[in-house]
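Peer 1: Residue numbers (this note's numbering), protein chains in the order written: chain R, 21 to 162; chain A, 21 to 162; chain W, 21 to 162; chain C, 21 to 162.
Sharing a structure here in structure tokens format.
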DNA sequence: TTTT
DNA sequence: TTTT
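Here it is as structure tokens:
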């Protein structure tokens, strides 16, 4: 039975993406994304709740992340949930749930800083864009 | 900054929901949902990949789950991601990511088996329905 | 500014898809999809409301629709909204809003009827599958 | 059969919302939302395509729209598709497809201008927020 | 642990 | 025009 496994997030990057360039020429990027929620508690006080998500982006999306995404930026992410097993340092099996991105879009028309060779940094408004990664078999190098 | 944290799943229940009736009169249900994916590997062989999701449903949705949802049934779930911390038996901090359901819809018009007191089981077609839980502050009794 | 334009539907086909094979070798399918909604009116009576959607599928999805989709079948459709202008028979400009499908998934494991040359019809369970159409420039032959 | 009818948009308001306060104390807001798409045509030229959507918001969301939403602002809208019939000035039956909003979130932390009694306008950063309208029976006053 |  |  075919299923649907879809995640839609709008949030802010917790840090710059970490990008690894793999041997076969492929790339993978990791970053965290915060989605904030507000609600009123019983006393009527406004409370903020932040949820942190682990985002993984492959190939073209990893390269896009490396070039354009910075800590704090607000983005739209569409992807699928994947829970991976790994062994921690004590040899115990642990699980981590990630969102594997299929589409990333930069929101808010926020200017982004492009690093300059001379150490200067000029604010260059980068027109917000949507990037899409066509589905392929994900390599799992970790 | 307000964010969006939305999950949309179509899959099959891995087991009957476990429902707990809390002291304040509230209820919470837990179950797992499998979403299946198919892809062709390099040799062209069709491979199935199953992703398992932990679903939590509160209040009215928990009661709906208790009444209508059974192992194997195909459903639509809409909700939000939440990662919880807990201490494992060795006192170590661990994390689990769940989908807290906002809406559940039964798909496929699949007949559902209602347990009978006399041990017999009659197939009773249950009209597929959508159930929605209005947002409230989630209690976290575990 | 990049935007998001996404539609997610689960409903039943109102009729068999109409498929046109275009000169360049491409195909386009049209069909209607009903999504049903239930609510209680002021007197507490349960009322059903049906919304009808115009679905357009291109290329591989059109061929999938031609092969596998039949009137009455329950499917998941993901796509984008597009409003087209056309001239009615009186030369007036009219508008129609369609959902251009990016992904279609058959739900419910419902057996589908394959027409047979001898006029007989055998129920053949078709394994539910998800089909995806990679984004390209849509041709607009009508 | 229960269905799913869901639309997710990120785009910019084409004009300030038009809000009507109805006799029963309810309100309804209308505005248009542009979602922009970019693609490369056959010659490799980057082409922009804008899709316009008719958004309708009821009750609390209408009041939120009246207070906070302005032409040009980037927002997230979640809602459902609804196609309405009406008679045009020539007595002909026409159809219009709208998105009835269930949730609206302001994106980008963009400051918004609050009209001032003295005719001055001060830029007041409004913390982006998500507003939700609980489902009720929609009144249809037009 | 589901489904086809 | 669908489905339950």
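Note that the Cβ used here is the ideal one computed from N, Cα and C, for glycine as well.
Note that the structure is predicted; figures quoted are calculated from it, not measured.
Which value, in whole angstroms, describes the spacing of the CA atoms of residue 68(A) and residue 74(C)?
Peer 2: As a working mapping, residue 68(A) is identified with position 48 in the second chain. As a working mapping, residue 74(C) is identified with position 54 in the fourth chain. Looking at the two C-alpha atoms, the distance is approximately 41 Å.
Peer 1: Residue 125(R) and residue 79(R) - do their beta-carbons sit closer together than 8 Å?
Peer 2: Taking the first residue of the first chain as position 1, residue 79(R) is located at position 59. Taking the first residue of the first chain as position 1, residue 125(R) is located at position 105. Result no, Cβ atoms of residue 79(R) and residue 125(R) do not sit closer than 8 Å.
Peer 1: For the segment 36–62 of chain W, list the beta strand (DSSP E) runs that are entirely contained and at least 3 residues long, ordered along the chain.
Peer 2: Whole beta strand (DSSP E) segments, 3+ residues: 38–41, 47–60.
Peer 1: Measuring straight from C-alpha to C-alpha, what distance separates residue 28(W) and residue 39(W)?
Peer 2: Residue 28(W) sits at position 8 when you count from the first residue of the third chain. Residue 39(W) sits at position 19 when you count from the first residue of the third chain. Cα to Cα, the separation comes out at about 22 Å.
Peer 1: If residue 37(C) and residue 49(C) are in contact, beta carbons under 8 Å, what's the gap, nearest whole angstrom?
Peer 2: The sequence position of residue 37(C) within the fourth chain is 17, counting from 1. The sequence position of residue 49(C) within the fourth chain is 29, counting from 1. With 8 Å as the limit, residue 37(C) and residue 49(C) qualify as a contact, their Cβ atoms being about 4 Å apart.
Peer 1: Please report the straight-line C-alpha distance between residue 51(C) and residue 152(R), rounded to a whole angstrom.
Peer 2: Along the fourth chain, read from residue 1 onward, the residue named residue 51(C) stands at position 31. Along the first chain, read from residue 1 onward, the residue named residue 152(R) stands at position 132. In a straight line, the C-alpha of residue 51(C) is about 29 Å away from that of residue 152(R).
Peer 1: If the cut is a Cβ gap below 7 Å, which residues of chain C does residue 96(R) touch?
Peer 2: Mapped onto the first chain, residue 96(R) falls at position 76. Per Cβ cutoff of 7 Å: 30.
Peer 1: Using DSSP with H/G/I as helix, E/B as strand and the rest coil, what is residue 100(R)?
Peer 2: For the purposes of this step, residue 100(R) is taken as the residue at position 80 of the first chain. Reduced to three states, the DSSP call for residue 100(R) is strand.
Peer 1: Is there at least one Cβ from chain A nearer than 8 Å to residue 128(W)'s Cβ?
Peer 2: Locating residue 128(W) in the third chain gives position 108, where the first residue counts as 1. It does: the Cβ of residue 128(W) has a partner Cβ on chain A nearer than 8 Å.
Peer 1: Using the C-alpha atoms, what's the distance from residue 26(W) back to residue 119(W)?
Peer 2: Walking along the third chain from the start, residue 119(W) turns up at place 99. Walking along the third chain from the start, residue 26(W) turns up at place 6. If I take the Cα positions, the gap works out to 9 Å.
Peer 1: Drop a sphere of 10 angstroms on the beta-carbon of residue 94(C), count the other beta-carbons inside from all chains shown, and report buried for 16 or more, exposed for fewer.
Peer 2: By 1-based counting over the fourth chain, the position of residue 94(C) is 74. Classification of residue 94(C): buried, given that the 10 Å Cβ count is 16 or more.
Peer 1: Let's see if you can read the secondary structure: which residues bound the alpha helix (DSSP H) around residue 128(A)?
Peer 2: What you label residue 128(A) is simply residue 108 of the second chain in a count that begins at 1. Where residue 128(A) is concerned, there is no enclosing alpha helix (DSSP H), given that its DSSP letter is neither H nor E.
Peer 1: Name the residue from 110(A), 105(A), 90(A), 63(A) whose alpha carbon lies nearest to the alpha carbon of residue 31(A).
Peer 2: What you label residue 31(A) is simply residue 11 of the second chain in a count that begins at 1. Closest by alpha carbon: 90(A).
Peer 1: Measure from the C-beta of residue 124(R) to each C-beta in chain A and report whether the shortest distance is under 8 Å.
Peer 2: In the first chain, counting from the first residue as 1, residue 124(R) sits at position 104. With 8 Å as the cut-off, residue 124(R) does not count as an interface residue toward chain A.
Peer 1: Using alpha carbons as the reference points, say which of 35(C), 70(C), 82(C), 64(C) lies closest to residue 100(W).
Peer 2: The residue labelled residue 100(W) in the question sits at position 80 within the third chain. The shortest Cα separation from residue 100(W) among 35(C), 70(C), 82(C), 64(C) belongs to 70(C).
Peer 1: Within 8 Å (strictly less), CB to CB, does residue 150(R) reach chain W?
Peer 2: As a working note, residue 150(R) is residue 130 in the first chain. So, interface residue.
Peer 1: Quick test of your reading: residue 121(C) and residue 150(C), contact by CB under 8 Å. State the CB separation rounded to the nearest angstrom.
Peer 2: On the fourth chain, residue 121(C) is found 101 positions in, with the first residue counted as 1. On the fourth chain, residue 150(C) is found 130 positions in, with the first residue counted as 1. So it is not a contact: roughly 12 Å between Cβ atoms.
Peer 1: The beta strand (DSSP E) that contains residue 89(A), what's its start and end?
Peer 2: For this step, residue 89(A) is matched to residue 69 along the second chain. Here residue 89(A) belongs to no beta strand (DSSP E), and DSSP marks it neither H nor E.
Peer 1: Taking the straight line between their C-alpha atoms, what separation do you get for residue 23(W) and residue 57(C)?
Peer 2: Position 3 of the third chain, counted from the start, is the residue given in the question as residue 23(W). Position 37 of the fourth chain, counted from the start, is the residue given in the question as residue 57(C). Cα to Cα, residue 23(W) sits roughly 6 Å from residue 57(C).
Peer 1: Could you check whether the Cβ of residue 87(R) sits closer than 8 Å to any Cβ belonging to chain A?
Peer 2: By one-based count along the first chain, residue 87(R) stands at place 67. By this cut-off, residue 87(R) is not an interface position.
Peer 1: When burial is assigned at 16 or more other CB atoms within 10 Å of the CB, is residue 35(A) buried or exposed?
Peer 2: Along the second chain, one-based indexing puts residue 35(A) at 15. Answer is exposed; the Cβ neighbour count stays below 16.
Peer 1: In terms of residue numbering, what span does the beta strand (DSSP E) encompassing residue 111(C) cover?
Peer 2: Sequence index remark: in the fourth chain, residue 111(C) carries index 91 (1-based). First-last for residue 111(C): undefined, no H or E at that position.
Peer 1: Would you mind telling me which residues of chain R sit closer than 7 Å to residue 24(W), beta carbon to beta carbon, in chain order?
Peer 2: On the third chain, position 4 is the one that residue 24(W) refers to. Near residue 24(W) (Cβ distances below 7 Å), the residues of chain R are 96, 125.
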